[in-house]
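Enquirer:
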Amino acid sequence: MIKILMLGLLLFLLPLTAGAHELPPGNATVEAEFISDWLTQRPQKGMTVAPDGLSKIYAYSSGVSTRAAARNDHGQVLLLTAAARPNDAFYTDGTMSYLGNYADRFWRPLNDLHRQEASDERLRFIKGEAGFRTPSAALRLFQGKIYEEWFERGDLFKILPGQYELDRYLNFSGHAVPRAAEGRSNTPVGELGFIAGPEVVWGSNDSYYLRYNLTRKAVTYALIYKDEKPPFSNEEHRKAAEASLSTNLYGKMGLKLGAIYQPYRIDKPFVRAEKSVPGQGSFGSNYHLTNDVTTRGDAWGAALRTIYYPKPFLDQFELNYTYLGPVAGNKQEVNAGLSKLITAFLTSGISYTRRKPIHGPVPFLYQGTQDNPGALVSVPRGPEDPFWVDWDNREAHLFSWTFTQDPTPNSWLFRWNPDILESYNVNDKEDSRWAFSL
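Per our numbering, the sequence shown runs over residues 14 to 451.
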């Protein structure tokens, strides 16, 4: 499938090659992709670009009326992918890159091809997996491959975060991520699943995740546990346990309930920062600062997910609420969304999210003035603090409105959330030769 992403538009033309586990038994394939690029780059007047290892040093001199000469580069890389499925259960595949010449880039110089060129490593392993799969059990070892999230299996808090930006991880870290083993087994008393490895999540250390699912009549129960070493600490373990249930009421309403407990850095001091009347806060600032300590009550969280099917007016309406205590995630979030099938092949969806941290960010404050600064009063939270405010829990109002044209709606265009127009969210089993979403 050829994918073009521009201004929120996804265009799909041709089907993707099947994965190794989807090959007919007793078959093997070898595929090659040759990429050649020609680059012409020229800095603006007064700009200079100099190499600095894998990076670049950019400098600007005012008053310079001349420009450096244009630089022309030609690069080539050959991607080789081999896949085999000797029988019904076993499969394996792997991708190697062979670098001819590297076309040096003034923008985004830190990339894996540049790393290959600098180390004179012409042949490099990029990604691969090996495993077996049967109706009752599966096991695979993989590197640089996407794994299935557990949200549809009861992970309402995404204890196991998805890893989709594989090229980004490779370019920055210099090796394929994730690196892990994944397995599942169906038993008479439910399904067991696990993921474990040295880097399940980009930047993390040795971690493992466990899952148990049980379905009884119309209710599905889930127990999920994690033990991870976060990227900012080699000694600490961040552990969490989650329990959830999901059901469908008479085919008209889906309901999911969940609770999480993550006792991370309990009894640790932290600073509260609350906005005050300008100039009347701590040390004459706009914030009132107080010291506090995390407790086990801060480790709890809860989630409610509801899905209604109010046809014929709407095809689906969702209303969700999440609360995560400070050390469990530090946020409250409400989300509402609806979708409607306008024609047989055209669907529209609207989504709105309101999110706010339990404890907001801490400002950078110091005594004195800007011209004559004194001692520090407060600094933003860092890796040594028990919790933070980042992109996942910052205060935000998020709104999206999408239109999706799919001539073959029986094969979903997206893997997961239809509001996320990213290549990783595209269903590689989409069998339409032309579909789009904007």
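Glycine included, each C-beta is placed from N, C-alpha and C at the ideal position.
Suppose the cutoff is 8 Å on Cβ atoms and the five residues either side in sequence are ignored; what does the same chain contact list for PHE145 look like?
Expert: Position 132 of the sequence shown, counted from the first residue, corresponds to residue 145. So the list reads ALA102, PHE103, TYR104, ALA151, LEU152, ARG153, once near-sequence residues are dropped.
Enquirer: Would you identify the three-state DSSP class for SER186, choosing helix, strand or coil?
Expert: Within the sequence shown, residue 186 is the residue found at index 173, counting from 1. Of the three classes helix, strand and coil, the one that applies to SER186 here is helix, per DSSP.
Enquirer: On the criterion of 16 or more Cβ atoms from any shown chain inside 10 Å, does GLY264 qualify as buried, or is it exposed?
Expert: Residue mapping note: residue 264 aligns to position 251 of the sequence shown, counting from 1. Exposed.
Enquirer: Can you tell me where the alpha helix (DSSP H) holding GLN129 begins and where it ends?
Expert: Walking along the sequence shown from the start, residue 129 turns up at place 116. First-last of the alpha helix (DSSP H) with GLN129: 125-132.
Enquirer: Rounded C-beta distance between GLY59 and TYR73? I'm assuming under 8 Å.
Expert: Within the sequence shown, the letter at position 46 stands for residue 59. Within the sequence shown, the letter at position 60 stands for residue 73. So it is a contact: roughly 5 Å between Cβ atoms.
Enquirer: Please look up how many angstroms separate the CB atoms of THR303 and VAL340, rounded, as I've assumed it's under 8 Å.
Expert: Residue 303 sits at position 290 when you count from the first residue of the sequence shown. Residue 340 sits at position 327 when you count from the first residue of the sequence shown. Between VAL340 and THR303 the Cβ distance is about 18 Å, and since that is not below 8 Å, they are no contact.
Enquirer: Alpha carbon to alpha carbon, how far is GLY175 from THR108? Give it in angstroms, no decimals.
Expert: For the purposes of this step, residue 108 is taken as residue 95 along the sequence shown, with counting starting at 1. For the purposes of this step, residue 175 is taken as residue 162 along the sequence shown, with counting starting at 1. Distance between the alpha carbons of THR108 and GLY175 is about 22 Å.
Enquirer: Quick one: residues in its chain with C-beta nearer than 6 Å to the C-beta of TRP51, no 5 flanking neighbours on either side, listed in chain order?
Expert: Here the question's residue 51 lines up with position 38 in the sequence shown. Counting only Cβ-Cβ distances below 6 Å, and skipping sequence neighbours, we find HIS87.
Enquirer: Three Cβ pairs or more, each shorter than 8 Å: is that satisfied between the segment 283-297 and the segment 389-398?
Expert: Verdict: yes, contact present.
Enquirer: Across which residues does DSSP place ARG153 in a beta bridge pair?
Expert: By 1-based counting over the sequence shown, the position of residue 153 is 140. Beta-bridge pairing links ARG153 to GLY144, GLU195.
Enquirer: Suppose contacts are defined by Cβ-Cβ distances below 8 Å. Is PHE155 in contact with GLU204 by that definition?
Expert: Mapped onto the sequence shown, residue 155 falls at position 142. Mapped onto the sequence shown, residue 204 falls at position 191. Taking 8 Å as the Cβ cut-off, PHE155 and GLU204 do not qualify as a contacting pair.
Enquirer: Leaving out the 5 sequence neighbours to the left and right, which residues in its chain are closer than 6 Å to PHE207 when beta-carbon positions are compared?
Expert: Residue numbering aside, residue 207 sits at position 194 when the sequence shown is read from its first letter. Cβ within range, chain order: GLY196, LEU223.
Enquirer: Do the segment 374-387 and the segment 247-261 meet, that is, are 3 or more Cβ pairs less than 8 Å apart?
Expert: Cβ pair count under 8 Å is below three, so no.
Enquirer: Tell me the DSSP bridge mates of TRP401?
Expert: Here residue 401 is taken as the residue at index 388 of the sequence shown, counted from 1. DSSP output for TRP401 lists no bridge partner at all.
Enquirer: Roughly how many angstroms lie between the CA atoms of ASN124 and LEU270, to the nearest whole one?
Expert: For the purposes of this step, residue 124 is identified with residue 111 of the sequence shown, where counting begins at 1. For the purposes of this step, residue 270 is identified with residue 257 of the sequence shown, where counting begins at 1. Cα to Cα, the separation comes out at about 42 Å.
Enquirer: Over what stretch of residues does the beta strand (DSSP E) that includes ASN304 continue unbroken?
Expert: Numbered from 1 along the sequence shown, position 291 holds the residue referred to as residue 304. ASN304 -> beta strand (DSSP E) spans 300-306.
Enquirer: On the criterion of 16 or more Cβ atoms from any shown chain inside 10 Å, does LEU183 qualify as buried, or is it exposed?
Expert: Residue mapping note: residue 183 aligns to position 170 of the sequence shown, counting from 1. LEU183 comes out buried.
Enquirer: Report buried or exposed for GLU142, applying the criterion of at least 16 other Cβ atoms within 10 angstroms of its Cβ.
Expert: Here residue 142 refers to the residue found at position 129 of the sequence shown. By the neighbour-count rule (16 or more Cβ atoms within 10 Å), GLU142 is buried.
Enquirer: For ASP419 and LEU451, what's the separation of their Cα atoms in angstroms?
Expert: Here residue 419 corresponds to residue number 406 of the sequence shown, with the count starting at 1. Here residue 451 corresponds to residue number 438 of the sequence shown, with the count starting at 1. Straight-line Cα distance between these residues: approximately 12 Å.
Enquirer: Alpha carbon to alpha carbon, how far is LEU92 from ASP133? Give it in angstroms, no decimals.
Expert: Taking the first residue of the sequence shown as 1, we reach residue 133 at position 120. Taking the first residue of the sequence shown as 1, we reach residue 92 at position 79. Taking the straight line joining both Cα atoms gives about 17 Å.
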